[in-house]
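Student: Per my numbering, the very first residue in the sequence shown carries number 35; after that it's consecutive. Glycine included, each C-beta is placed from N, C-alpha and C at the ideal position. Sharing a structure here in structure tokens format.
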Amino acid sequence: MLPTYSLIVPIYNEEATLHELYRRVSLVMNRLDAPAELVLINDGSHDRSLSLIRELHQEDSRVCYLSLARNFGHQIAVTAGLNFARGRVIVILDADLQDPPELIPAMIEKWNQGYQVVYAQRTQRRKEGWFKRFTAYTFYRLLKNLADVEIPIDTGDFCLLDRQVVDLLNAMPERNRYIRGLRSWVGFQQTSIKFERDPRFAGEVKYTFSKSFGLAVNGLVSFSIVPLRISTYVGLFAAVVALVMAVLVLYWRIFVPHSPVTGLATIIVAIFFLGAVQLVSIGILGEYIGRIYEEVKNRPLYTLGEVAGFERQPEASRSR
Ligand code: UDP
Ligand code: MG
């Protein structure tokens with residue numbers, strides 16, 4: 035019999051949290067009204083995570099796992115989990131227990147009321163540094179203003195998805211996957227539940243600054259073309275300034291006896307300013323072109339090392 039609920043957890047070097055994760059999640063699974071599976075995705079960990087996952091699978095047949103052949107990153111690991119999960123309801127959560135599994139019954143409650151997407155919205159981040167909080171705060175608001183779809187602020191990937199939505203996500207071919215954005219993009223009835231984000235249970239943060247920054251740029255570029263327009267605006271502005279300057283400079287040169295336009299300094303500043311504007315514009319263009327390149331290469335989203343626990347592989351098991 036296929037499970038009704040699938041809980042998806044990406045794992046990257048989480049040997050310190052796995053047992054506690056399993057303990058808390060299995061308590062929740064025991065109390066659910068229908069069978070559940072726990073889908074663990076090993077995202078190329080190089081600690082003992084994979085062997086711990088194998089043990090959990092041996093002990094409890096509800097635990098299934100896939101192991102990616104290397105580290106593909108959080109969003110791809112979750113994507114792989116979505117491809118394999120078999121439930122009618124799918125919940126995505128982090129391994130470090132920052133997303134309390136005890137919230138799942140409340141999410142399912144909402145699903146029973148007819149919502150296809152229930153995302154958890156943070157009201158507070160406990161014990162995270164000011165820098166992380168500040169950058170996250172700014173980014174979510176920036177994205178909300180720039181994106182073409184309404185992406186709710188302060189939500190992470192912790193959410194419940196109906197099978198219908200997961201099938202749609204699985205059918206989306208794009209490789210720069212910003213799951214929170216795609217989740218909003220599909221539409222349907224969406225709602226939130228509020229929670230306070232706990233600190234990480236154990237171990238180091240796996241999202242380094244550069245990974246978070248990459249995710250942020252990805253979110254912006256995948257869901258907005260406004261950055262492309264910025265260079266147009268700056269260019270227009272520079273053109274207006276240039277016109278005014280031209281008139282002024284000519285006037286001074288011709289009509290003012292001791293012309294103030296001796297201007298090496300002016301020229302240097304102007305050259306550097308315009309040079310910077312052009313480089314930044316090219317950089318922004320590059321972000322988009324780079325993504326086009328990634329998409330046309332059309333490589334699979336991930337490679338699999340090991341899969342266990344899924345007696346029957348769902349149809350959408352491959353990325354394409
Ligand atoms: N993770 C992953 N691959 C990565 C980085 C992180 O699968 O390359 C997983 C990690 O094991 C955890 C989740 O993604 O389950 C969130 O990572 P973390 O808690 O370090 O980031 P946070 O979102 O708390 O900053
Ligand atoms: Mg975390």
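(1) Is the CB-CB distance between residue 112 and residue 191 below 8 Å?
(2) Report the residue ranges of all alpha helix (DSSP H) runs contained in full by the region 141 to 207; include only those spanning at least 4 residues, in chain order.
(3) For residue 210, which option in 336, 199, 154 has the closest C-alpha, if you only look at C-alpha atoms?
(4) Which value, in whole angstroms, describes the spacing of the CA atoms of residue 76 and residue 215?
(5) Compute every distance between the C-beta of residue 234 and the non-hydrogen atoms of the ligand MG, then say whether any falls below 7 Å.
(6) Contact check, residue 220 vs residue 193 under 8 Å by CB: the rounded distance?
(7) Taking the runs of the beta strand (DSSP E) that are 3 residues or longer, which of them lie wholly in the region 45 to 103?
(8) Is it true that the region 78 to 94 meets the region 304 to 317, where meeting means three or more beta-carbon pairs spaced less than 8 Å apart?
(9) Taking DSSP's pairing of strands, which residues face residue 40 in a bridge?
(10) Would you check whether the ligand MG has a heavy atom nearer than 7 Å to the C-beta of residue 251?
(11) Compute the minimum distance between the beta carbon of residue 109 and the heavy atoms of the ligand MG, and state whether it is under 7 Å.
(12) Identify, in the order they occur along the chain, each residue of the same chain with its Cβ nearer than 7 Å to the Cβ of residue 325, setting aside the five sequence neighbours on each side.
(13) Verify whether the separation of the beta carbon atoms of residue 385 and residue 121 is less than 8 Å.
Tutor: Looking at the coordinates:
(1) Less than 8 Å divides the Cβ of residue 112 from the Cβ of residue 191.
(2) Along the length of the region 141 to 207, whole alpha helix (DSSP H) runs at least 4 residues long occupy 164 to 180, 197 to 205, reported in chain order.
(3) Taking only the C-alpha atoms, the option nearest residue 210 is 336.
(4) Straight-line spacing of the CA atoms in residue 76 and residue 215 works out to 23 Å.
(5) Within the cutoff, so yes.
(6) Residue 220 to residue 193, Cβ: 12 Å. No contact.
(7) You should have 70 to 76, 97 to 102.
(8) Under the three-pair Cβ rule at 8 Å, the region 78 to 94 does not count as touching the region 304 to 317.
(9) Residue 40 is bridged by DSSP to 71, 124.
(10) Relative to the non-hydrogen atoms of the ligand MG, the Cβ of residue 251 never comes closer than 7 Å to any of them.
(11) No, since every heavy atom of the ligand MG falls outside the 7 Å radius drawn around the Cβ of residue 109.
(12) So the list reads 210, 255, once near-sequence residues are dropped.
(13) Any question about residue 385 goes unanswered here, given that the chain covers just 35 to 354.
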